[in-house]
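In my numbering, the protein residues as written are 3 to 184. Ideal placement from N, C-alpha and C gives every residue a C-beta, glycine not left out.
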């Protein structure tokens, strides 16, 4: 199924929009990469400002929040592990006093994210997990992405993502990713 991808920089947000922002978007806006303020960070930060100004309904699902927290922690560990005294092992790092500041940064950003979002459930019990796992087994798919695809379809949500893996998933997507837009 073809994805209906729209260039996010050209999109005019409306109060009736119901949006699910993917983990990669939150990481670009609030994660460690946001400090670098690259092109994609500017694009998606502006889009979030436009969403909020337009009173769009922004949703978050536990998979997205969990991926955000775990990916952020691992990104920070990768940046810090070259410093003396920082454990090379992520799980040991997470148990160290050095992790406390990282966790505090993550929690601060999570609070900012949650302030703008309504929680939505993927309704895992109702999903055809066998079909999702079967699709995953073929290769080329991330299981979380498959669950989020089904969530967007069942709730008629527009996905905001920079992840090319959502190409040909039959969704409406707002993005700056040229692969999705082609």
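For residue 116, the enclosing alpha helix (DSSP H) covers residues 100-117. Distance from the Cα of residue 124 is smallest, within the candidate group 105, 94, 67 and 13, for 67. Taking all protein chains shown into account, residue 45 has 16 or more neighbouring C-beta atoms within 10 Å of its C-beta and is therefore buried. Inter-residue distance for residue 103 and residue 4 is about 43 Å (C-alpha atoms, whole angstroms). Its Cα nearest to that of residue 142, the residue 171 stands out among 7, 49, 56 and 171.
Annotation for residue 152: no beta strand (DSSP E) segment contains it, though the alpha helix (DSSP H) segment containing it runs 145-157.
Residue 148 and residue 22 have their C-alpha atoms roughly 14 Å apart. Note on geometry: alpha-carbon atoms of residue 122 and residue 9 lie some 25 Å from one another. Residue 50 is positioned such that its CB atom lies closer than 8 Å to that of residue 31. Within the model, the alpha-carbon separation for residue 54 versus residue 117 is close to 11 Å.
By the beta-carbon neighbour count (other beta carbons within 10 angstroms, threshold 16), residue 41 is exposed. Contact between residue 92 and residue 113 is absent: CB atoms are separated by about 24 Å, not below the 8 Å threshold.
CA-to-CA, the gap between residue 173 and residue 48 works out to about 22 Å. Per DSSP, the unbroken beta strand (DSSP E) holding residue 160 starts and ends at 160-162. Closest by C-alpha distance to residue 16, out of 34, 56 and 105, is 56. Looking from the CA of residue 164, the closest CA among 182, 65 and 152 belongs to 182.
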